[in-house]
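Below: the structure, in structure tokens.
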Amino acid sequence: MTVEPAATSEVHRQHDREQEVLDRIERIRRRPARVREERITLAHGAGGKATHTLIEAVFLEAFRNPALEPLDDGAVLDLLGGRLAVTTDAFVVSPLFFPGGCIGDLAVNGTVNDLAMTGARPVALSASFVLEEGFPVEELQRVAAAMAASAQAAGVQIVTGDTKVVQRGKGDGCYITTSGVGVVDRPVRLSASAAQPGDVVLVSGPIGDHGVTVMLARGDLDLDADISSDTAPLHELAGRLLDAVPETRLLRDATRGGVATILNEVATASAVAVVVDEAAVPVQPVVTGACELLGIDPLYVACEGRLVAVVPGSDVDAGLAALQSLPVGAGAAVIGRIADDPAGLVLLKTGFGGSRIVDMLVGDPLPRIC
Amino acid sequence: MRYVDEFRDADTAQAVAAQIAALCEPDRHYTFMEVCGGHTHTIYKHGLEDYLPEAVTLVHGPGCPVCVIPMGRVDDAIAIAEQPDVILTSFGDMLRVPGGRGSFLDAKAAGADIRMVYSPLDALKIARNNPDKRVVFMAIGFETTAPSTAMTVLRAAAEGIDNFSIFCNHVTIIPAIKAILDSPDLRLDGFLGPGHVSTVIGCRPYEFIARDHGKPLVTAGFEPLDILASVLMLMRQIAEGRADVENQYARVVPWHGNRRALEVIGEVMELRPYFEWRGLGFISQSALQVREAYASYDAERIFELPGVRVADPKACQCGEVLKGVLKPWECKVFGTACTPETPIGTCMVSSEGACAAYYNFGRFNRSHVREITLTEVGRS
Amino acid sequence: MCLGIPGEVVEMPAEGDLARVDVAGVRRLVNIGLLEGQPLTTGDWVLIHVGFALSKIDEEEARAAMDFLEGIGQAYDDEIKALMESNIG
């Protein structure tokens, strides 16, 4: 039905010139990271390009060691005749309390989840607090109660901690840092560099709930909707998936930077193409509506209780069933697959049937989300 | 979502695309300019180019209001933000636009109080809640946004809020289109008219394009099917030897525009004798300023501005991209020195800029990828 | 910047210019001052841009736009069908 007019040689030459430019850009993107700014900006905290550049150029540069290099959600150390997983995370969410939870829930679940993403059984957490002079004790008690409840639900204990107070105006209420340790009893080797062509990408439920909830809870926007944070512990879900699919390539929890960031990390680390079907990505209508109003793409919006998994193509049914076997994974779906080409890119087949790429996030559409 | 989802249907897109292709005469190329940055964004975001035959090219025009702000005006805004007790409010897109001394985001990191808002009403709310501060709203946009800014000034006046002002950088679309038509570099076969600007100004202002320049113009909506339907309407006009103004977006755009919106613009603002557009130079009667009667809401009268004209960096080719003469990837610094993280020019910063759209969404070998994305994802 | 999105009016103001509008389940207050002089009521749809309603969506025109598109779609389907039928036998 399509009448294709004969392509002229001029059009071919255009394509070739365009391809040269694209190749040159790819070479430049692979160059070592360098921080060009003189001062930290909010973009450095967004989980996108600026964050990655900062981590590579400042922290990895300074601390470099084999355990740190993969820059996965947690580090796995060979220790005491076994494998120990270690992770840490800071929580600066504003506001502290929002529908579905509070900073305390994020602080426990976030670290439990980072451990779970390494294949570990989470065991214990530390919690350090930086409190602002004037912060109400009653709120601190609510935060602590939430942490206790979340820790119990996750089967971990908070075994050590620290508290500092800074003068009024020098810290926004309450910041929490949790570190966690877990034991990796399974022989899994999960890594962003392990994806192979033919693999399939799964997500454990609808994306973007947490980020949108917090944005609306800030109250600046005069938007209101029935939406709550998806904060939840994922260690059981991860366990079920790894039981069903021991060959799982990697697990990541989709926090700042959203699903798009994880897919880009995989595409780069494994030197593969990630091909996503936009129509298959689960998003609640209210999240879609809020994102349309704000001009944000849900693929970049933070979740706090969703994981992304890459599994071998032959195991997709077992993997999906494992995720759907628990309430927290009820909305799990296949969203994409791994191809060998074009390496390093995340391609999206849009709901409209066209194609585009999904790059790493630039800038910071939603500051202080988690 | 109603009035959105039905205009994103892939099957209908196939049908419209087939019709477009059927109207292509052999050995003829068709070049249409989509004037509005919102169209550029939609085209790339939905991968619309996959549906167009090789013979049809969409060229991006200067309808990106962030893209046309000269560096000197960014510096002026930062100078305002650096004054004591000032809160500068701005749409998100402006935050990373590089001026001569850095962007709003850099100024914020260095201590200026600069806040992102989604509406000029948010800025007014900040003014209401901070009576000891002077709140300035960086007002940008074409005729789409000017009425909202004007209404906000009227509201401030009605409520007696005296710590609120606007730094007015509103520009008008017709002079930009005229600059394109008068440019010798470009051969265009027609235009996709800016849908939301037309909501305010209507379709009549475009009649000179058809009448005096013999080019058809179809005012287009922003969903992917709107754009495809509009391209089809242009192709039909050409096939029928016509050059008319047509309205594809009639569900939103009234032919005569929004009288009230035009009234409030006229009440609060007036045309400047001339204004500098980044990449396009000085254009007369192309931008708005606050009228004398509302002087107390005019940041240009309240604050001392450096008012220095900053030349664009030599490497920057935004002007040619904005005129549609160069495609983004044809710019010498595209993707190398100029990227979304390290932008040299505005086309790479704004979500509606052609370079940002191409870099973030379209930077791949399209024919190669079409095979990949057409294969079913998931269980094979 | 041209970001405009359709929303349904769910609550008209008793006084003043702020109506409550719903976009896919998200509700926001939108200033309807630019539609002064036009009849507006709950159930109507408007185009929202930076917190203001710029235009009332005309249902008939929306229907006409869809009919135009569906017409093309139908003609396409008919042609495909005819093509397939002509290949049989």
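Those sequence lines, one after another, are chains A, B and C.
According to this note's numbering, the first sequence is numbered sequentially starting from 120.
According to this note's numbering, the second sequence is numbered sequentially starting from 2.
According to this note's numbering, the third sequence is numbered sequentially starting from 752.
Cβ atoms here follow ideal geometry from the backbone N, Cα and C, with glycine treated the same way.
Here Gln84 (chain B) carries a coil assignment [DSSP, helix/strand/coil].
At a C-beta separation below 8 Å, Glu411 (chain A) has these neighbours in chain C: Ile756, Val774, Ala775. Look at Ala344 (chain A): its C-beta is under 8 Å from a C-beta on chain C. The DSSP assignment places complete beta strand (DSSP E) segments of no fewer than 3 residues inside the stretch 248–291 of chain A at 276–285, in order along the chain. In the structure shown, the three-state DSSP call for Phe365 (chain B) is coil. Straight across, the Cα-Cα distance linking Val303 (chain A) with Arg287 (chain A) is about 42 Å. From the listed residues C:Ser806, C:Val801, C:Leu785, the smallest Cα separation to Asp795 (chain C) is found for C:Ser806.
In the three-state reduction of the DSSP assignment, Val232 (chain B) falls in the helix class. For a Cβ distance threshold of 9 Å, residue set Trp330, Gly336, Arg364, Phe365, Asn366 of chain B lies close to Leu141 (chain A), ordered along the chain.
In the three-state DSSP reduction, Lys126 (chain B) falls in the helix class (H, G or I). Using beta-carbon distances, Thr469 (chain A) does not count as an interface residue toward chain C, since no partner is under 8 Å. The beta carbon of Gly336 (chain B) sits closer than 8 Å to the beta carbons of Trp330, Tyr360, Arg364 from its chain, once the five residues preceding and following it are set aside; these are given in chain order. Straight through space, the alpha carbons of Pro431 (chain A) and Gly292 (chain A) are spaced by roughly 45 Å. Flagged as an interface residue toward chain A: Val370 (chain B), by a C-beta distance shorter than 8 Å. With a contact defined as Cβ atoms closer than 8 Å, Leu96 (chain B) and Ala78 (chain B) miss out at about 11 Å. For the options A:Val402, A:Thr374, A:Pro241, the alpha carbon positioned closest to that of Ala209 (chain A) is the one of A:Thr374.
Per the coordinates, the alpha-carbon of Thr332 (chain A) lies some 11 Å from the alpha-carbon of Ser213 (chain A).
Under the DSSP definition of a beta bridge, His800 (chain C) partners with C:Phe803.
In the DSSP assignment, Gly38 (chain B) falls within the alpha helix (DSSP H) that extends over 38–46.
A:Leu353 is the residue among A:Ile147, A:Ser310, A:Leu353 whose C-alpha sits nearest the C-alpha of Leu445 (chain A). Cα atoms of Arg252 (chain B) and Asp818 (chain C): separation of roughly 13 Å, rounded to the nearest angstrom. Secondary structure note for Ile457 (chain A): its beta strand (DSSP E) is the uninterrupted segment 452–458.
Within the stretch 296–346 of chain A, the complete alpha helix (DSSP H) segments at least 4 residues long are 328–336, listed from N- to C-terminus. Burial is judged here by how many other beta carbons sit within 10 angstroms of a residue's own beta carbon; Thr387 (chain A) has at least 16 and is buried. Selection B:Gly242, B:Pro132, B:Gly64, B:Met234 evaluated against Gly142 (chain B) yields B:Gly64 as nearest (Cα-Cα). Apart from sequence neighbours up to five positions away, the residues of its chain that approach Ser352 (chain B) with a beta-carbon distance below 7 Å are His42, Asp94, ordered along the chain. Counting only runs that start and end inside the stretch 360–422 of chain A, the beta strand (DSSP E) elements of at least 3 residues fall at 369–372, 392–396. With contacts defined as CB atoms closer than 8 Å, Leu193 (chain B) and Glu35 (chain B) qualify as a contacting pair. When the alpha-carbon of Cys68 (chain B) is set against those of B:Val291, B:Glu342, B:Gly320, B:Val334, the nearest one is in B:Gly320. Note on the stretch 760–787 of chain C: whole beta strand (DSSP E) runs with a minimum of 3 residues are 769–774, 777–782, in chain order. The beta-carbon of Leu791 (chain C) is placed no less than 8 Å from the nearest beta-carbon of chain B. When secondary structure is reduced to three states using DSSP, Ile115 (chain B) falls in the strand class. Chain order gives the chain B residues near Leu464 (chain A) as Phe365, where near means a beta carbon separation below 7 Å. Secondary structure at His30 (chain B): coil, using DSSP grouped into helix, strand and coil. Take Lys324 (chain B), set aside five residues on each side of it, and the residues of its chain with a beta-carbon closer than 8 Å to its own are Gly62, Pro63, Ala180, Ile181, Ser184, Asp186, Leu187, Gly280, Leu281, in chain order. Between Ala243 (chain A) and Val275 (chain A), the CB-CB gap stays under 8 Å.
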